[in-house]
Amino acid sequence: MNSSVITFPGSNCDRDMDVALKKFGFKNKMVWHDDLELPKSDLVVLPGGFSYGDYLRCGSMASKSKIMKSVLNFAQGGGKVMGVCNGFQILVEAGLLPGVLLRNKYLEFICKNVFVKVNNKDNSYFKGIKKDTLEFHIAHNEGNYFCSKEQIKEIDDNNQIALFYSNEDGNINEENNPNGSIKSIAGIFNKEKNILGMMPHPERMIDAALSGEDGSVFFENLINNLR
Amino acid sequence: MKVSVIITLKKDVLDPQGKVIHQTLDGMGFDNINEVRQGKYFEIDTKEIDKNKAQEKVEEMCKKLLANLVIENYKIIESQ
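Residue numbers (this note's numbering), protein chains in the order written: chain A, 331 to 557; chain B, 645 to 724.
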């Protein structure tokens, strides 16, 4: 399985993602934002970070990078594209996912472990995943998912919600919603479910000694689904 | 031609920064405020000399980059 991680100026989780993808069997290539062509890929990842210093709006500049034309073509042709944290912000700014990520409700940069509940397993990212709730890490200032009432209905109707913030038992309520996201949304798909954007970082949870291993559960399952 | 644009948050979008500014102003004694909404202001100096053309281009810039129309409105307020 071939993967590509795009590095934008200000990306800072790109190498962590590289380590995670390789650990679970992907042949990963790093791709610079100024390149025009994507290498042959089964999965393209937009990593976390602070691309272009979060100027104007998070992800807005990166969404207009040269490489994004190829990413758009790849995604619109059904290619798997995953955006984590800033990568999620880039995907919404590129119009590949609906909605937008606003500043966190309580204006705090949040950096902690959270639990997320998998809402939809009928897709390449979560099909057959052994756990219903996963412990991931979040680190963001703008993770407050927002969209219009009409959009949220459409997202719901099309089963596009990938992950909810929850507690360990999978309970979803305002208490377990760290940033004020509508419906506690932590991650969403496009209609076709080939594009996934999520605020939590699975790549930070792949080492039993350093963190938890729920990221390992995610990546192992993902590569099995793509094979 | 210089074109000025303001970008504001749409009505139903939460503006936590505006809220905190409101609270701070309130604490400073400006206690008769109903609401504060924060926005952005841009001055774009273009090479275009025709006013309408300059405004058209800036409008395109707003739609493509300066504003996110899911949450924001833009308004060209001045061209000179």
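For glycine and all other residues, C-beta sits at the position ideal for the given N, C-alpha and C.
Please decide whether residue 680 of chain B counts as near chain A, where near means a Cβ-Cβ distance under 9 Å. Your numbering for residue 680 of chain B matches position 36 in the second sequence. Not one chain A Cβ lies under 9 Å of residue 680 of chain B.
So which residues on chain B does residue 435 of chain A lean against when the C-beta distance must stay under 9 Å? If you number the first sequence from 1, residue 435 of chain A lands on position 105. What residue 435 of chain A touches in chain B: 658 and 660.
Can you tell me which of A:540, A:536, A:539 and A:511 puts its alpha carbon nearest to the alpha carbon of residue 528 of chain A? Here residue 528 of chain A is taken as the residue at index 198 of the first sequence, counted from 1. When only C-alpha atoms are compared, the closest one is A:511.
Tell me, please, whether the CB atom of residue 394 of chain A is closer than 9 Å to any CB atom in chain E? The displayed structure is made up of protein chains A and B, and chain E is not among them.
For the stretch 373 to 395 of chain A, list every residue whose C-beta sits within 7 Å of some C-beta in chain B, in sequence order. 387, 390 and 394
Residue 370 of chain A and residue 332 of chain A look like a contact to me (Cβ under 8 Å); what is the Cβ gap, rounded to whole Å? Position 40 of the first sequence, counted from the first residue, corresponds to residue 370 of chain A. Position 2 of the first sequence, counted from the first residue, corresponds to residue 332 of chain A. Residue 370 of chain A to residue 332 of chain A, Cβ: 6 Å. Contact.
For residue 426 of chain A, which option in A:363, A:521 and A:440 has the closest C-alpha, if you only look at C-alpha atoms? Against the first sequence, residue 426 of chain A aligns to sequence position 96. Checking every option, the nearest Cα to that of residue 426 of chain A belongs to A:521.
Measure the C-alpha to C-alpha separation of residue 405 of chain A and residue 673 of chain B and round it to an integer number of angstroms. Here the question's residue 405 of chain A lines up with position 75 in the first sequence. Here the question's residue 673 of chain B lines up with position 29 in the second sequence. Straight across, the Cα-Cα distance linking residue 405 of chain A with residue 673 of chain B is about 53 Å.
Since residue 715 of chain B meets chain A, which of its residues come closer than 8 Å, beta carbon to beta carbon? Here the question's residue 715 of chain B lines up with position 71 in the second sequence. Correct list: 430, 432 and 476.
With 16 other Cβ atoms within 10 Å as the buried cut-off, status of residue 411 of chain A: Looking up residue 411 of chain A in the first sequence gives position 81. Buried: at least 16 other Cβ atoms inside 10 Å.
Coarse secondary structure for residue 689 of chain B, derived from DSSP in three states: If you number the second sequence from 1, residue 689 of chain B lands on position 45. Of the three classes helix, strand and coil, the one that applies to residue 689 of chain B here is strand, per DSSP.
Is the beta carbon of residue 666 of chain B closer than 9 Å to that of residue 680 of chain B? Locating residue 680 of chain B in the second sequence gives position 36, where the first residue counts as 1. Locating residue 666 of chain B in the second sequence gives position 22, where the first residue counts as 1. Yes; because the gap between Cβ atoms is below 9 Å, this pair is in contact.
Using three-state DSSP, classify residue 551 of chain A as helix, strand or coil. Stepping through the first sequence from its first residue, residue 551 of chain A is reached at position 221. Here residue 551 of chain A sits in helix by DSSP.
Neighbour list for residue 423 of chain A in chain B, Cβ cutoff strictly below 8 Å: Taking the first residue of the first sequence as 1, we reach residue 423 of chain A at position 93. Here the neighbours are 712.
Hey, does residue 558 of chain A have any beta-carbon neighbour from chain B nearer than 9 Å? Residue numbering for chain A in the displayed model covers 331 to 557; residue 558 of chain A lies beyond these limits and cannot be assessed.
Quick check: the Cα distance between residue 393 of chain A and residue 479 of chain A, rounded to an integer number of angstroms? On the first sequence, position 63 is the one that residue 393 of chain A refers to. On the first sequence, position 149 is the one that residue 479 of chain A refers to. About 25 Å.
Range of the contiguous alpha helix (DSSP H) that encloses residue 418 of chain A: Indexing the first sequence from 1 puts residue 418 of chain A at position 88. Segment 416 to 423, the alpha helix (DSSP H) holding residue 418 of chain A.
What whole-angstrom Cβ distance do residue 441 of chain A and residue 531 of chain A have, given they're in contact under 8 Å? By 1-based counting over the first sequence, the position of residue 441 of chain A is 111. By 1-based counting over the first sequence, the position of residue 531 of chain A is 201. No, residue 441 of chain A and residue 531 of chain A are not in contact; Cβ-Cβ is about 10 Å, not under 8 Å.
Please list, in chain order, the chain A residues whose beta carbon lies closer than 8 Å to that of residue 669 of chain B. What you label residue 669 of chain B is simply residue 25 of the second sequence in a count that begins at 1. Going along chain A, no residue has its Cβ under 8 Å from residue 669 of chain B, so there is no contact; the nearest lies around 16 Å.
List, in order along the chain, the chain A residues whose C-beta lies closer than 8 Å to that of residue 664 of chain B? Here residue 664 of chain B corresponds to residue number 20 of the second sequence, with the count starting at 1. Neighbours of residue 664 of chain B on chain A, chain order: 437.
What are the uninterrupted segments assigned as alpha helix (DSSP H) that are 4 or more residues long and contained completely in the stretch 344 to 406 of chain A, given in chain order? You should have 344 to 353 and 397 to 406.
Flag this pair as yes or no: are the beta carbons of residue 447 of chain A and residue 494 of chain A separated by less than 9 Å? In the first sequence, residue 447 of chain A corresponds to position 117, counting from 1. In the first sequence, residue 494 of chain A corresponds to position 164, counting from 1. In this structure, residue 494 of chain A lies closer than 9 Å to residue 447 of chain A by Cβ.
Taking DSSP as the reference, what is the three-state secondary structure of residue 472 of chain A? The residue given as residue 472 of chain A occupies position 142 in the first sequence. Coil.
I want to see whether chain B comes within less than 9 Å of residue 517 of chain A, judged by CB atoms only; does it? By one-based count along the first sequence, residue 517 of chain A stands at place 187. Output row for residue 517 of chain A: interface = no.
For the beta strand (DSSP E) holding residue 457 of chain A, just list the boundary residues, first then last. If you number the first sequence from 1, residue 457 of chain A lands on position 127. Neither: residue 457 of chain A is in no beta strand (DSSP E) and is coded neither H nor E.
Where DSSP assigns a beta bridge to residue 495 of chain A, which residues make up the other side? Taking the first sequence and counting its residues from 1, the one referred to as residue 495 of chain A is at position 165. As computed with DSSP, residue 495 of chain A is found in a beta bridge with A:446.
Counterpart residues of residue 436 of chain A in DSSP-defined beta bridges: Here the question's residue 436 of chain A lines up with position 106 in the first sequence. According to DSSP, residue 436 of chain A shares a beta bridge with no other residue.
For residue 441 of chain A, which of helix, strand or coil comes out of DSSP? Here residue 441 of chain A refers to the residue found at position 111 of the first sequence. In this structure, DSSP gives residue 441 of chain A an extended state, which the three-state scheme calls strand.
Quick check on residue 691 of chain B - is its C-beta less than 9 Å from some C-beta in chain A? As a first step, residue 691 of chain B is located in the second sequence; it is residue number 47 there, counting from the start. No - not a single Cβ of chain A is within 9 Å of the one on residue 691 of chain B.
I'd like to know if residue 708 of chain B contacts chain A, where contact means its C-beta is closer than 9 Å to some C-beta of that chain. The residue you call residue 708 of chain B lines up with position 64 of the second sequence. True, the Cβ-Cβ gap to chain A drops below 9 Å.
Going by the CB atoms, is the gap between residue 409 of chain A and residue 375 of chain A shorter than 9 Å? Indexing the first sequence from 1 puts residue 375 of chain A at position 45. Indexing the first sequence from 1 puts residue 409 of chain A at position 79. Not a contact, by the Cβ cut-off of 9 Å.
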